[in-house]
Amino acid sequence: MKKITINDVAREAGVSKTTISRFLNQNYNNMSEQTKNRIEKVIQDLNYRPNKQAQSLKSKHSFLIGVVVADISNMFSSLLLKGIGTILEQKGYQMIIMDAANSISKEKVLLERLLDQNVDAIILQPSSSYTSTYQFLVDRSLPVLLVDRDTIPKQWSSILTNNEDATYTLAEEIERKGYEHIIVVSEPLNEVRTRASRYRVFEEYTKQSEQTLSLVELTRQSEVDSYLNGLLPLNKKTVLFASNGRMLMQCLQWLIQNNVSLPTTIGITGFDDWNITELIGPGITSIEQPSYELGKTAAQLLLEEINEKEKMQQVIVPSNIRWRHSL
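Counting in the working numbering, the sequence shown runs from 5 upward without gaps.
Have a look at this one:
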C-alpha cells in the first residue's frame, strides 16, 4: 500500500503543502475554522501519520515535553501526569517523565538530561523553594512551568491550588468541633513551601484561638509509629492534621493497626483525598487537590507559552473539602 504523504493530504484538502505544514505545527494564524476542519477530516480519512523527525527538523521543535515530579509513587503525581498527558497527546506532543524522588541533586541531573534531549519545554514540580537552584534553566531561556509548588523569586508561570484557603476552612471546623490541641504531622517544612504555608495557617489561627499547636516533622512510617505510640492517652481533645497524602496514609495505618476509635479517641484530617479515605473508619474528612485538573491546566498553559509566547501567569485551581466523619 502506498504511503500517504503531505502532498496527498494537500491535494485532497485543496490547499497548499505549506498550509498543511502550518496545520501540523499548530500555526493557525489566518487559517479559517472551515479550512482547519477540512484538513483534519482529510488527515483522518487518509490515516495520514506525519513524520515527527522531519517535522522537528523543519519546525525546530522536538515535540517533547519534559515532566519532573517530586515523588512519582503517590497518587497525586499519577493523576497529575494523567492530566498532563491527556492534553499533550491531543496536541501531538510526547511526554518524558522523570522522578526526582524528593532530591534536589537528583532533580538537577534529570533536568540536565532533559535539556540534552532538546525538549521544547519543561513542567516541573520543584523540589527546591528557590529559583536560584534552577539558574541553569533560567540561562537556557526554555519555557518552564511550575505545578503544585512555586519558587521565589517568581520566574515562571505556575499552577497552584488554594492551599491556605482550604486549610483555614478546616481550622475553623476544628475549632467549632471543640478540639483543644492540634498536631500538624508533616515531612520537613523547609524542603517545600506548600508544607510551610499549610502549617503557617494553623500557626496564625491558633494565635487568635485558645487552642494549642504542635508540629511534628517526620519522614518514615517507623517515625510516625514511634511518635503516635507515645501520644496516647490524651489529656486534651486532640486532632491530627496530615500535611499531605503520604502523612495522612501513614497516620491512618497506625490508627487502624492500633484499633484507635475515630473521632472518639482522636480526630484526624489532612490533605489529598484519594477516594480510599471514604472507606476508612467513619470516613476521613480531607482536602481534595484536583491533581488531574492541575495537570490538564498546566499542559494547556505551557502549550500557550510555547506557541503564543504568553506572559508569566499564576493560575489557582480551587481545592475541595470532602466532609466526612473523622472530626
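Glycine is no exception: its CB is placed at the ideal position from the N, C-alpha and C atoms.
Predicted model only: the values in this text are computed from it and were never measured.
Residue i: first and last residue of the uninterrupted alpha helix (DSSP H) it sits in
{"i": "D154", "result": "Neither: D154 is in no alpha helix (DSSP H) and is coded neither H nor E."}
{"i": "N11", "result": "I10 to A17"}
{"i": "L115", "result": "I108 to D120"}
{"i": "F206", "result": "R197 to Q212"}
{"i": "R326", "result": "Counting along the chain, R326 falls outside any alpha helix (DSSP H), though it belongs to the beta strand (DSSP E) covering N324 to R326."}
{"i": "G274", "result": "It is not in any alpha helix (DSSP H) - G274 instead sits in the beta strand (DSSP E) that spans G271 to F275."}
{"i": "G70", "result": "Premise fails: G70 lies in the beta strand (DSSP E), L68 to V73, not in any alpha helix (DSSP H)."}
Residue from the options whose Cα sits closest to the Cα of residue i
{"i": "R144", "options": "L252, D124 and A303", "result": "D124"}
{"i": "I167", "options": "I8, T9 and I320", "result": "Contrary to the premise, residue 167 reads as Asn rather than Ile in this sequence. Out of I8, T9 and I320, I320 has the C-alpha closest to the C-alpha of N167."}
{"i": "N34", "options": "L28, T23 and T173", "result": "T23"}
{"i": "S136", "options": "W258, T155, L118 and I127", "result": "T155"}
{"i": "I10", "options": "Q98, S247, W327 and I43", "result": "I43"}
{"i": "K313", "options": "D12, N31 and P286", "result": "N31"}
{"i": "P237", "options": "V264, L219 and Y52", "result": "V264"}
{"i": "L128", "options": "N122, L85 and D120", "result": "L85"}
{"i": "S190", "options": "M99, E221 and E37", "result": "E221"}
{"i": "W327", "options": "D276, Y296 and L298", "result": "D276"}
{"i": "F245", "options": "E179, V196, L298 and S295", "result": "E179"}
{"i": "N29", "options": "Q139, Y97 and M251", "result": "Y97"}
{"i": "T173", "options": "R199, T198, Y138 and Y209", "result": "Y209"}
{"i": "K6", "options": "S25, R53 and E37", "result": "R53"}
{"i": "H65", "options": "S132, L83, I47 and Q121", "result": "Q121"}
{"i": "T198", "options": "S25, R153, K158 and L235", "result": "R153"}
{"i": "Y296", "options": "R26, G89 and S20", "result": "G89"}
{"i": "L132", "options": "K110, E195 and K40", "result": "It should be pointed out that residue 132 corresponds to Ser in this sequence rather than to Leu. Nearest of K110, E195 and K40 to S132, Cα basis: E195."}
Cβ separation of residue i and residue j, assumed to be a contact under 8 Å, to the nearest whole Å
{"i": "E16", "j": "L50", "result": "7 Å"}
{"i": "I325", "j": "I291", "result": "6 Å"}
{"i": "I187", "j": "S218", "result": "5 Å"}
{"i": "A14", "j": "I163", "result": "Contact flag wrong, Cβ pair sits at about 38 Å."}
{"i": "G70", "j": "L298", "result": "That pair is no contact at about 17 Å."}
{"i": "H185", "j": "T216", "result": "5 Å"}
{"i": "T273", "j": "I284", "result": "That belief does not hold up - the Cβ atoms of T273 and I284 are roughly 12 Å apart, past 8 Å."}
{"i": "L83", "j": "K181", "result": "Not really, about 30 Å apart at Cβ, beyond 8 Å."}
{"i": "L115", "j": "I126", "result": "7 Å"}
Assigned exposure category for residue i - 16 Cβ within 10 Å defines buried
{"i": "W160", "result": "buried"}
{"i": "N248", "result": "buried"}
{"i": "R224", "result": "exposed"}
{"i": "M253", "result": "buried"}
{"i": "L259", "result": "buried"}
{"i": "L61", "result": "Unreliable positioning characterises L61 in this predicted model, as indicated by a pLDDT of 49, which lies under 50. The coordinate reading is nonetheless provided below. The residue is exposed, with fewer than 16 neighbouring Cβ atoms inside 10 Å."}
{"i": "P322", "result": "exposed"}
{"i": "S230", "result": "exposed"}
{"i": "Q94", "result": "exposed"}
{"i": "Y138", "result": "buried"}
{"i": "Q38", "result": "exposed"}
{"i": "T171", "result": "buried"}
{"i": "M316", "result": "exposed"}
{"i": "V46", "result": "buried"}
{"i": "F140", "result": "exposed"}
Start and end residues, beta strand (DSSP E) containing residue i
{"i": "V321", "result": "Q318 to V321"}
{"i": "A125", "result": "A125 to L128"}
{"i": "V189", "result": "H185 to S190"}
Flag this pair as touching only if the segment 199 to 208 and the segment 228 to 241 have three or more C-beta atom pairs under 8 Å; answer yes or no. no
Can you confirm whether the segment 139 to 154 touches the segment 303 to 310 when touching is taken to mean that 3 or more C-beta pairs between the two stretches lie within less than 8 Å? yes
Three or more C-beta pairs closer than 8 Å, one from the segment 72 to 85 and one from the segment 94 to 107: is that the case here? yes
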